[in-house]
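Position 836 of the sequence shown, counted from 1, bears residue number 835 in numbering that gives the first Met the number 0, the numbering being contiguous throughout.
We put the CB at the ideal spot given by N, CA and C, even for glycine.
These notes concern the structure reproduced below.
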Amino acid sequence: MTQTHDGTAGTPAPEEAGRYDAHAMQERWLPVWDSLAPFRSGAAGDERPKKYVLDMFPYPSGDLHMGHAEAYALGDVVARYWVQRGYDVLHPIGWDAFGLPAENAAIKRGLDPRGWTYDNIAQQRASMRRYACSFDWDRVLVTCDPQYYRWNQWLFLRMHEKGLAYRRPSLVNWCPNDQTVLANEQVVQGLCERCDTPVTKKKLTQWYLRITDYADRLLDDMSQLEGSWPDKVLSMQRNWIGRSTGADVRFRIEGRDEPVTVYTTRPDTLYGATFFVVAADSDLAAELAADAPEQVRQEFGAYVEQVRAASDIDRLATDRPKTGVFLHRYAVNPATGEPMPVWAADYVLADYGHGAIMAVPAHDQRDLDFARAHDLPVRVVVDVRGEDGEPLPDPAESGVATAGDGVLVNSGPLTGLRKAEAIAAMTERLAEEGTGAATTNYRLRDWLISRQRYWGAPIPIVHCDACGEVRVPDEQLPVELPPAEGLDLKPKGSSPLGGAEDWVNVDCPSCGGAARRDTDTMDTFVDSSWYFLRFCSPDRDDVPFDQAEVERWMPVGQYVGGVTHAILHLLYSRFFTKVLFDLGMVSFTEPFSRLLNQGMVLMGGSAMSKSRGNLVRLSEQLDEHGVDAIRLTMAFAGPPEDDIDWADVSPAGSAKFLARAWRLARDVTSQPGSDPATGSAPLRAVTHRTLHDAQQLVESFRFNVAVARTMELVNATRKAIDDPGVGPADPAVREAVEAVAILLGLYAPYTAEDMWAQLGHEPCVARAGWPAVDPALLVEDTVTCVVQVQGKVRDRLEVPPGIGEDELRELALASERVQAALAGRSLRTVVVRAPKLVNIVPA
0 MTQTHDGTAG TPAPEEAGRY DAHAMQERWL PVWDSLAPFR SGAAGDERPK
50 KYVLDMFPYP SGDLHMGHAE AYALGDVVAR YWVQRGYDVL HPIGWDAFGL
100 PAENAAIKRG LDPRGWTYDN IAQQRASMRR YACSFDWDRV LVTCDPQYYR
150 WNQWLFLRMH EKGLAYRRPS LVNWCPNDQT VLANEQVVQG LCERCDTPVT
200 KKKLTQWYLR ITDYADRLLD DMSQLEGSWP DKVLSMQRNW IGRSTGADVR
250 FRIEGRDEPV TVYTTRPDTL YGATFFVVAA DSDLAAELAA DAPEQVRQEF
300 GAYVEQVRAA SDIDRLATDR PKTGVFLHRY AVNPATGEPM PVWAADYVLA
350 DYGHGAIMAV PAHDQRDLDF ARAHDLPVRV VVDVRGEDGE PLPDPAESGV
400 ATAGDGVLVN SGPLTGLRKA EAIAAMTERL AEEGTGAATT NYRLRDWLIS
450 RQRYWGAPIP IVHCDACGEV RVPDEQLPVE LPPAEGLDLK PKGSSPLGGA
500 EDWVNVDCPS CGGAARRDTD TMDTFVDSSW YFLRFCSPDR DDVPFDQAEV
550 ERWMPVGQYV GGVTHAILHL LYSRFFTKVL FDLGMVSFTE PFSRLLNQGM
600 VLMGGSAMSK SRGNLVRLSE QLDEHGVDAI RLTMAFAGPP EDDIDWADVS
650 PAGSAKFLAR AWRLARDVTS QPGSDPATGS APLRAVTHRT LHDAQQLVES
700 FRFNVAVART MELVNATRKA IDDPGVGPAD PAVREAVEAV AILLGLYAPY
750 TAEDMWAQLG HEPCVARAGW PAVDPALLVE DTVTCVVQVQ GKVRDRLEVP
800 PGIGEDELRE LALASERVQA ALAGRSLRTV VVRAPKLVNI VPA
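Here is the structure:
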C-alpha cells in the first residue's frame, strides 16, 4: 500500500506483475475515488472559476445502453478537461423518472411504477459509477421524488397566476394505444413518438402553457446562441416556431353575422382567390354545415370522422388526393365582391392560423390540385416568368401552380405592381376598408401539458362548483400521487387518478365546500424544463432553487445530449427560463451557453434493436474490453455529431493501445520532480505541441483528433525510451509520460490513474492540473505536403513535420482546390503518408 494524500494508508499499488489488467484497475480505483470525491463542486471557500457542464439526464428504462456510453463518455471528457484546467466544475446527474415507459412496463408486469423506476435508477447509478463518470454524487435528483415535483407544481401555480397556464377545450393529438394526449412535438411523422401508433384527433378540455406569448423572444434570443449552438439546431427551432408576416383578411360569410378571419402571407393575390376552405374538423365547419341540406350534413359528418383518423402530417402531404365537402355556403371576396364557394377539406388544419384559408389555385399547388379535383375556377394574378423570360404555362392547363414572384395582373389597382409593393398596397387598403390588417403568424402552438396517465406530477388545481378553478395553496404542496395499489393503471382514455376517490375528493381551499382534484398529470417535459436550475441547490426544501447559487453557476457552460431533443426539450427549457426571468427569479434569458449534440450508436448501419438482432449490450462490452477501452473508442470513433457504427470500430484495438500507454509509466526510471529541461529536446517538443493542440482540439470537440495526437505522443515516447541516446531515465521521458497520463485521464481514467500511481504521484490524476506549455517548444519548421486527386497534384500544404494522419487528411479535404477538383463527388479512398503526401481517389 502507498500513502494517500493525507498520509494515511489506503491507496492500492498498481499491478506488480507488469500486466495491464483493466478489470483489476477498476476494482482498485473505484473505492479510492469514492473516498476522495474528486469531483465534488461548490465547496465553501473554493476560489476556482466556475464551469457548469451538464449531460441531458437519462430516463431509467433499464440499464445503460450504447447510446448512454457515447453521451456520457463525451460529456465526461468536457467536464474532466475543465477540472484539469483549474475550474470548479459542476457536473451533476439525475433521472427523468416520470412518464409512459415506466408506467407501461409496470402495467405489463403488474408492478407499481415506483418500484420499477427506482430499481432501474439503482441499476443505472451503479453502472455510471463503474463507467467512472465524473459526477458530483452529492447533487442527485429524481424527478418522481415528491420533493422535486413539489416545485413543478409551485412553478405551474406561478404561471397560472400570470395567465400562462390555462385550460380549454380543443382538438388534440390522441394516441389510441397509450390513451393519452400528445403535444405536437411528440408526434413524429404522424406517429406517437413513444409507441409508433398512428395519432388521431380528439376533442378534450386540457391544460396548456402559453408558450406562444414568448414566440418572438424564443426566435430573437437565438442571436445569443449563434456560433455556440449547432446551426442545425437553431434552424430546427426557427422552423418549428415558424414566424411569418402577412395580413389577417376578414371574409363575410353569407348568412353569418360574424366575419371569418383568414391569415395569408400573400394578401397581394386576393384577386386570385376563387374559393374558400375551412378545416373540416373545426367548429366553424360544423357551424356552417348545420344549415346545409340533409344530404350534405350526412356527407359532412362521415367526412369529419375520416379526417380525424388521419394525422396532420398525412393531411398536409402534397401527394394526398384533395377531398372535401361543399357546404352550400358562400364567402364574399373583400377585394372583388365576388361570392366564393365554401368547402370543408382536410388539407387545412383547425389550429393553423384561423382554421380557414382563401384559396388562390393559380399560385398554390395544393389549392390548384383541389380546384382541378372539384372543377373550381383558376385565375392567374401574378405574371411569373421562367429563366428564359417567357411566361410560365397557365396553371389551369399545366396543373402546375406558378408560385414565384412576378408582376401583378388581373388585380385591379394592384396590376403592374411587384410583390412587395402589392402586399403593402393591399394591406393598406384592407385596413382602410376595415376588412383586414397586417399581422404576424406562428407555426408554434401553446404547449399542451395534460396527460391522462398515472405516473406524472399531479396538476395542483381543485375544481369547485362554486369557485371554479382553485389553486392548491403553496403550503399544501406537494400534491402527492396516491398509491398505485388498488388503481387500474391500464390506459382507458381518462386518468387512473379518477379512481382514487379518497384522493380526488377534497375541500375547496377557497370556500371549504366539496371539490375534486384535477386528475390529469403533467407532461414529463415540464420536469426537464427546469431541472438544470435545481441542480444548483438540490437539497433546498423552501424554494425551487437558491437564486444566489443559480447566479453562481448558470447559465450552463456546456450542455451535452442528443439532437433528438433539438425541438422538444430545448425549446421548453428556453421558454421556462424566460418565464423565470420575467418573474425575477433568474438574471439570464438563455439556459445553455454552449450545446454539443452527439450522434447515434448504430450496428451494421441500423439503430440497435432486439427485433433486428443487432443489439449490442454495453454491460457485455464492458465485461469483455473494460471501461476505458469503451470510453476511448467512443471518443476516437469520429466527430461527436456523427453516428458511430459499432461494427466499424475496435474496442479491442483501444485496449491494446491503452496497455501500450500504461507500460510507459512502468518503464520510467527518473524521479518525480526531475527537471525536464535537461532532457531530450525533440521529445519535449512533441510533448508540448501535443498538450497545446489537445487544448484547442478538446475545446472545439475534436476529441477523435485529440486522441490521435495522444497516440502519436505515446509512440514518440516509446521510441525515446528504446533509444539508447535517450532512455527511460531521461527527465523528458517522465514529462511525456505524465502528459500522457493527464491526457488519458479525459478518456480512460482507470488507466490514467494507474499510470499516475506508477509515476510516484498521489491520487488523483483528474486533479493534477493541465501542464504548462512552453511557447519556445512550439516553434517548429514546416514541410510541404503534396495533395493529389486521382494522381494529379491539386494543392501544396505547409504542415508541421509531426502532423498526424487524421489531421493531415482533414486539412487536405478542406482545401478549396481539392474541393473544386472533387466537384461534389464522394470519396472511394484517401491515402495519407504524413507529413508529405495525400492522395485522394473519388468514387
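Proximity of residue i and residue j at Cβ, strictly below 8 Å
{"i": "PHE902", "j": "TRP454", "result": "Nothing about residue 902 can be read from this structure; the chain reaches only from 0 to 842."}
{"i": "ARG138", "j": "LEU29", "result": "no"}
{"i": "VAL248", "j": "MET357", "result": "yes"}
{"i": "LEU391", "j": "VAL380", "result": "no"}
{"i": "ALA514", "j": "VAL505", "result": "yes"}
{"i": "MET24", "j": "THR750", "result": "yes"}
{"i": "TYR530", "j": "LEU140", "result": "yes"}
{"i": "VAL559", "j": "ASP54", "result": "yes"}
{"i": "ASP118", "j": "LYS200", "result": "no"}
{"i": "ASN613", "j": "SER605", "result": "yes"}
{"i": "VAL685", "j": "GLY801", "result": "yes"}
{"i": "GLN236", "j": "ILE566", "result": "yes"}
{"i": "HIS22", "j": "GLY625", "result": "yes"}
{"i": "SER572", "j": "PRO554", "result": "no"}
{"i": "GLY435", "j": "PRO266", "result": "yes"}
{"i": "LEU594", "j": "VAL585", "result": "no"}
{"i": "SER169", "j": "TYR270", "result": "no"}
{"i": "TRP206", "j": "SER449", "result": "yes"}
{"i": "PRO508", "j": "VAL461", "result": "yes"}
{"i": "PRO317", "j": "ALA344", "result": "The sequence given here has Thr at residue 317, not Pro. No, the pair does not count as a contact, with Cβ atoms beyond the cut-off."}
{"i": "TYR148", "j": "ALA456", "result": "yes"}
CB-CB length for residue i against residue j, believed under 8 Å
{"i": "GLU216", "j": "LYS577", "result": "The identity of residue 216 in the sequence shown is Arg, whereas the question assumes Glu. Sure, about 6 Å apart at Cβ, within 8 Å."}
{"i": "TYR51", "j": "TRP645", "result": "That belief does not hold up - the Cβ atoms of TYR51 and TRP645 are roughly 31 Å apart, past 8 Å."}
{"i": "ARG365", "j": "TYR346", "result": "5 Å"}
{"i": "VAL706", "j": "ALA634", "result": "6 Å"}
{"i": "MET754", "j": "VAL736", "result": "7 Å"}
{"i": "VAL739", "j": "ALA820", "result": "Not really, about 39 Å apart at Cβ, beyond 8 Å."}
Delimiting residues of the beta strand (DSSP E) encompassing residue i
{"i": "GLY44", "result": "That residue, GLY44, is in no beta strand (DSSP E); it is neither H nor E in DSSP."}
{"i": "GLY744", "result": "Premise fails: GLY744 lies in the alpha helix (DSSP H), 730-746, not in any beta strand (DSSP E)."}
{"i": "MET602", "result": "600-602"}
{"i": "PRO338", "result": "338-344"}
{"i": "SER243", "result": "243-252"}
{"i": "ASP506", "result": "504-506"}
{"i": "TYR262", "result": "259-263"}
{"i": "TYR329", "result": "323-331"}
{"i": "VAL379", "result": "From DSSP, VAL379 is part of no beta strand (DSSP E); its letter is neither H nor E."}
First through last residue of the alpha helix (DSSP H) which encompasses residue i
{"i": "TRP769", "result": "Looking at the DSSP string, TRP769 is not in any alpha helix (DSSP H), and its letter there is neither H nor E."}
{"i": "TYR117", "result": "112-129"}
{"i": "ARG108", "result": "99-108"}
{"i": "ALA437", "result": "ALA437 -> not in any alpha helix (DSSP H); beta strand (DSSP E) instead, spanning 435-440."}
{"i": "ALA819", "result": "815-821"}
Residue i - partner residues in DSSP beta bridges
{"i": "CYS784", "result": "LEU796"}
{"i": "TYR207", "result": "TYR165 and LEU447"}
{"i": "TRP228", "result": "GLU225"}
{"i": "PHE591", "result": "VAL555"}
{"i": "GLY467", "result": "CYS463"}
{"i": "GLN597", "result": "GLY561"}
{"i": "ALA278", "result": "ALA344"}
{"i": "LYS202", "result": "LEU170"}
{"i": "PRO841", "result": "LEU826"}
{"i": "SER586", "result": "For SER586, which the question treats as bridged, DSSP gives no partner whatsoever."}
{"i": "VAL831", "result": "VAL837"}
{"i": "GLY93", "result": "LEU140"}
When the options are compared against residue i, the one with the closest alpha-carbon
{"i": "ASP350", "options": "VAL341, ARG470, ARG314 and PRO333", "result": "ARG314"}
{"i": "ALA842", "options": "ARG793, GLN789, LEU796 and LEU690", "result": "GLN789"}
{"i": "CYS194", "options": "ASP144, ASN714, ILE422 and LEU181", "result": "LEU181"}
{"i": "GLU474", "options": "ASP541, GLN787 and CYS510", "result": "ASP541"}
{"i": "ASP219", "options": "ILE120, SER234, GLY485 and PRO762", "result": "SER234"}
{"i": "VAL331", "options": "ASP111, LEU443 and PRO258", "result": "PRO258"}
{"i": "PHE250", "options": "ARG79, GLN294 and PHE274", "result": "PHE274"}
{"i": "ALA693", "options": "HIS362, LEU163 and GLY744", "result": "GLY744"}
{"i": "VAL798", "options": "PHE534, CYS784 and GLY637", "result": "CYS784"}
Test: residue i CB closer than 8 Å to a CB of chain D
{"i": "LEU326", "result": "Within the model displayed, chain D is absent; a lone protein chain is all it includes."}
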